[in-house]
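Novice: One structure follows; several queries about it will come next.
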Amino acid sequence: MRDVAGDPAALEQLRVQRGRLADRMRAPWWYLTGIAIMYALVFAFPFASRFLGASILPFFVAALVVAVPLQWGWTRVTGMKMGFRSLSYPGPGRPARYAMVVVCLAAMGTEHFLIDRGLPAAAIVVAVLAVAAEVAAQQTLLRAIRQDLRAGGGPV
Amino acid sequence: MTAKAKPDALIHPITRLSICGLLAAGADWVEFAALRDAAGISDSVLSKQSRVLEDAGYVEVRKGAVGRRPRTWFRLTAEGRQAVEGHLAWLTQLEGVVSASTRDVQQARPLPGDRDQPRRVLPPLLGSA
C-alpha cells in the first residue's frame, strides 16, 4: 500500500475526493419539485382554513407524506445521511436556515392577513412567492453543505 | 481544525486516509458506493480497509438492504474522528513545512554558472520524528 509520508499531495488528493463527495449533493429536478410541492401544501393551509374550515392536521400529514419519501430518495441518491442540524449549527448554511423559518412564518401570517381583508388573489401571490423563496433557500442550504463537505468542516 | 496534530499509523496509508478523511468531511453516514466513488477505489479495497478501520474501532459499519440490494453505511466513531482530525492537522503542518522548504530551495537556487553560492539545508520533516 502506498504511504503518504513522502507524498505532499496527499492532502490535495483528499480535497479532490471531498469535492467529489460534495458534488453528490447537487439537487436533481425531482427533489426541488418535491420541496416546492411540500411548501405549496404548507402555504395552502391558510386558504383551506379560511374557506373550507380545514384543520392543520391533514396539511401536516400531507406535507409529511411528501417529505418522508423525498428525504428517503435524496439520501439514496446522494449516499449520505447528513443528520439533523439545528438553527444554532454555525455552518455557512445558517442564514438559509433562518430565512426558511422566517419566510414560512411571515408568509403564513401575511396570507391570513390578506385573506381576512378580502384579498385572496394577493394572498395567492404571496404563497407563490413564498414557495419560490423556500426553494431558493433550500438550494442555498445545499450549496452551503457542499462548501462544508469540501472544507471538511461539518459537525457530527 | 482544533485537534492536536498527531500522526496515526493506522490512518497513514493513503487509502485509509481517504476513507477516514471522507467520513470526517461532515456527513453523518456515508454509503458504500458513495465512499467508493469519491475515494476512487475498488469495492474490494474499500471492504478490506474498512474492515481494518472497523476492527480498530475507528469506523462504525451498519448493514441494511433496500429490497434485495444490500446497503452498507459507514461513519466515524468518536475515537476515529479524534484520530483523523489529529492526523489531518499533522499532515497540514507537514504540508506547510514542505512548501516552506520548497520556497527556500527555489530562493537558494544558484544562478547558472554561480557554483560558489552556498547550499541551503532542508529542515527535517515532522514525519521523521
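Residue numbers (the working numbering), protein chains in the order written: chain A, 1 to 156; chain B, 1001 to 1129. Quick reminder that beta carbons are idealized off the backbone N, C-alpha and C, glycines included. In this text the structure is predicted, and so the values were computed from the model without any measurement.
Which residues share a DSSP beta bridge with K1063 (chain B)?
Specialist: Numbered from its first residue, the second sequence carries residue 1063 (chain B) at position 63. Per DSSP, B:T1072.
Novice: Check whether the stretch 1035–1052 of chain B touches the stretch 30–40 of chain A, taking contact to mean three or more Cβ pairs, one atom from each stretch, closer than 8 Å.
Specialist: Contact fails: fewer than three Cβ-Cβ distances are below 8 Å.
Novice: Cutting at 8 Å between CB atoms, please list the residues of its own chain near Q138 (chain A), excluding the five before and the five after it.
Specialist: As a position in the first sequence, residue 138 (chain A) is number 138, starting the count at 1. So the qualifying residues of the chain are A27, L32, I35, A96 and M100.
Novice: Take the Cβ of E1031 (chain B) as the centre, count every other Cβ of all protein chains shown within 10 Å, and call the residue buried at 16 or more, exposed below.
Specialist: As a working note, residue 1031 (chain B) is residue 31 in the second sequence. Buried, by the Cβ-count rule.
Novice: Is it the case that the CB of F43 (chain A) approaches a heavy atom of the ligand GTP more closely than 8 Å?
Specialist: In the structure shown, the ligand GTP is absent, as is every other ligand, since no ligand is present at all.
Novice: In terms of residues, what are the limits of the alpha helix (DSSP H) holding R50 (chain A)?
Specialist: For the purposes of this step, residue 50 (chain A) is taken as residue 50 along the first sequence, with counting starting at 1. Per DSSP, R50 (chain A) belongs to no alpha helix (DSSP H) and is neither H nor E.
Novice: With distances taken Cα to Cα, identify the nearest neighbour of P1070 (chain B) among B:A1033, B:D1028 and B:R1016.
Specialist: Indexing the second sequence from 1 puts residue 1070 (chain B) at position 70. Ranking B:A1033, B:D1028 and B:R1016 by Cα distance to P1070 (chain B) puts B:A1033 first.
Novice: Which complete beta strand (DSSP E) runs does the stretch 1001–1060 of chain B hold, if anything under 3 residues is left out?
Specialist: Taking only runs of at least 3 residues, the beta strand (DSSP E) segments lying wholly in the stretch 1001–1060 of chain B are 1029–1031.
Novice: Let me make sure I understand the geometry here. Which of A:W72, A:F59 and A:L21 has the alpha-carbon closest to that of R146 (chain A)?
Specialist: Position 146 of the first sequence holds residue 146 (chain A). Checking every option, the nearest Cα to that of R146 (chain A) belongs to A:L21.
Novice: Given a cut-off of 9 Å, decide if P120 (chain A) and F47 (chain A) are closer than it, judged by their beta-carbon atoms.
Specialist: Numbered from its first residue, the first sequence carries residue 47 (chain A) at position 47. Numbered from its first residue, the first sequence carries residue 120 (chain A) at position 120. Yes, the pair counts as a contact, with Cβ atoms nearer than the cut-off.
Novice: Are L1035 (chain B) and A1083 (chain B) close, meaning C-beta to C-beta below 9 Å?
Specialist: Start at 1 with the first residue of the second sequence, and residue 1035 (chain B) comes out as number 35. Start at 1 with the first residue of the second sequence, and residue 1083 (chain B) comes out as number 83. In this structure, A1083 (chain B) does not lie closer than 9 Å to L1035 (chain B) by Cβ.
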